[in-house]
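J.: Sharing a structure here in structure tokens format.
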Amino acid sequence: MTGTSTTAAPDGGDLLRTVPTRPSLFAPARLCSLQCRCSLDFALLDPPVEEGRPADRRTTDRRCRCCSSRVRSSCRLVMENVMAAAVVTSLYRYPVKSVGGTAIDRVHVEATGLCGDRLFAFVDVESGSPCNAKNPRKYGRMLLCTAYYPDEPVPGAPLPPVHVRFPDGRVGRQGDDLDDLMSGFLGRRVQLIDTVPEKLTAEFTWDETSGVEKSGPYANAVQNSDGDYVSTVVLTRRSSRFVDLTPLHIVSMSSVRHFQELAPGANFDARRYRPSFVVETPAAGASEEAWVGGSLQAPGGLRAEVVMVTPRCVMSTLEHAPDVPLDRTTLRTLARHNTQDIPGFGRGACLGVYADVAQEGALSVGDALEFRAGSPQEVEERAARYESSSHRRQREARELQQRAAGEVQ
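If you read the sequence shown in the working numbering, its first letter stands for residue 1450, the second for the next number, and so on.
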């Protein structure tokens, strides 16, 4: 039997938690805006109370699962089929930006991200910018390598040296031969760094055949001598880590299956999108998008605030592993079926969601996550926060390009 329980959030919101006592983890329920005996603003209700009543005298009263009080059906139903938010099926750590990561079973999530995640990057000695696979011609091959720690990182303790395994089996070690091996692999001089510059610039390649609109970071893309349309985007330093926007990225398997069904011949694989963690949800389609503005609570204390949908780029189409090959159809499918307006970003082809860490804690494969919807005010404030930072990045990118054009003249 699958059990569910609710706990009151400090602001009176509802938290739905499912205890996984059998493979079917998700139990349908309803939310009611009438305050019940346990003083929840939104009471989680069981199906109609009908036991012991003749069929012609049954009512549509419902019983609160928290305090067992009955609530009249005249209350306003604000959501139907509310279910457990998700169960974590995979966890990934990427020690080095744009280098392949490793699957892990459990991790402590700090305020800035998973312990040991995205703490390093290779910097291009010629340009001075961190290497980013969003420019595939220069740095796309980095995805074929695997970055890992020989020992599990411990929060607050010195990190073990990061290692990188190359496709031919060679392994480079931080502080030893890693810089030389990666430089030879890419055909350009690079160095490993562990400090995020005050200003980060990234080159975004726009594929005109992808169906992705030429807006947002691609708005000012110009064709270079290689024939690629590339824009230089300034990323405001928001973290001590090499993240594009937020420390967490979440992908649901329902999204992966949904887009795979829309393009049966394509290779949709969650690993293609480099998520922090992958979840299984009871809903179909791009289910995680419904969490934007709300928060997810893990049993180990982690609370993540979901802030926006994730726009995808050409990096997601590249080869990430032998069984995750180059596949441009994946991005075309997202562009055709899930292009959205993203505040301060423009229009993007989306899959997955970005999240901030609101409270540190542990996260493990198999964790059942609780979901609490944000208030309209919380949703608006979060959107405004990211709209502002996104606009600032776009403005700085335009100014950088204008200065570069002036120097050429």
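Positions of the beta carbon are idealized from the N, C-alpha and C atoms, including for glycine.
#1: Determine the direct distance from the alpha carbon of GLU1601 to that of LEU1568, and round the result to whole angstroms.
#2: Suppose contacts are defined by Cβ-Cβ distances below 8 Å. Is VAL1545 in contact with ALA1596 by that definition?
#3: Less than 8 Å between the C-beta atoms of GLY1562 and LEU1697, yes or no?
#4: Comparing alpha-carbon positions, which option in ALA1651, THR1779 and GLU1819 lies nearest PRO1713?
#5: When you compare only the Cα positions, how much space is there between ILE1410 and VAL1611?
#6: Rounded to whole angstroms, what's the CA-CA distance from LEU1745 to PHE1820? Just pull it up for me.
#7: Can you tell me where the beta strand (DSSP E) with MET1757 in it begins and where it stops?
#8: Please confirm whether GLU1652 and ASN1716 have their CB atoms less than 8 Å apart.
#9: Which two residues bound the contiguous beta strand (DSSP E) that contains THR1778?
#10: Touching or not, the segment 1699 to 1708 and the segment 1789 to 1798, by the rule of three or more beta carbon pairs under 8 Å?
#11: With a CB to CB cut of under 8 Å and the five nearest residues on each side skipped, what residues in its chain are close to ASP1805?
#12: Relative to the alpha-carbon of ALA1822, which residue among TRP1740, GLY1810, VAL1773 and ASN1787 has its alpha-carbon at the smallest distance?
#13: Taking all protein chains shown into account, decide if PRO1472 is buried (16 or more other Cβ within 10 angstroms of its Cβ) or exposed.
#14: So GLY1810 and LEU1751 are supposed to be a Cβ contact under 8 Å. How far apart are they, rounded?
#15: Taking Cβ to Cβ, would you say VAL1682 is nearer than 8 Å to PRO1666?
#16: Three-state secondary structure (DSSP) at GLN1851?
#17: By how many angstroms is the C-alpha of PRO1724 removed from the C-alpha of ASP1566?
#18: Buried or exposed, going by whether 16 or more other CB atoms sit within 10 Å of the CB of VAL1802?
#19: Based on DSSP bridge pairs, tell me the residues matched to VAL1613.
#20: Taking the C-alpha atoms as reference points, what is the distance between THR1508 and ALA1534?
#21: In terms of residues, what are the limits of the beta strand (DSSP E) holding TYR1541?
T.: In brief:
#1: 14 Å
#2: yes
#3: yes
#4: THR1779
#5: Past the edges of the chain, shown from 1450 to 1858, lies residue 1410, and the structure says nothing about it.
#6: 5 Å
#7: 1752 to 1760
#8: no
#9: Counting along the chain, THR1778 falls outside any beta strand (DSSP E), though it belongs to the alpha helix (DSSP H) covering 1778 to 1786.
#10: no
#11: THR1695, PRO1696, LEU1697, ALA1753, GLU1754 and VAL1756
#12: TRP1740
#13: Because the pLDDT at PRO1472 is just 30, under 50, the model does not fix this residue reliably, and the value given afterwards should be weighed accordingly. Exposed.
#14: 3 Å
#15: yes
#16: helix
#17: 11 Å
#18: buried
#19: ALA1596 and GLY1621
#20: Annotation note: pLDDT 41 at THR1508 (below 50); position unreliable, coordinate value reported separately. Straight-line Cα distance between these residues: approximately 30 Å.
#21: 1535 to 1542
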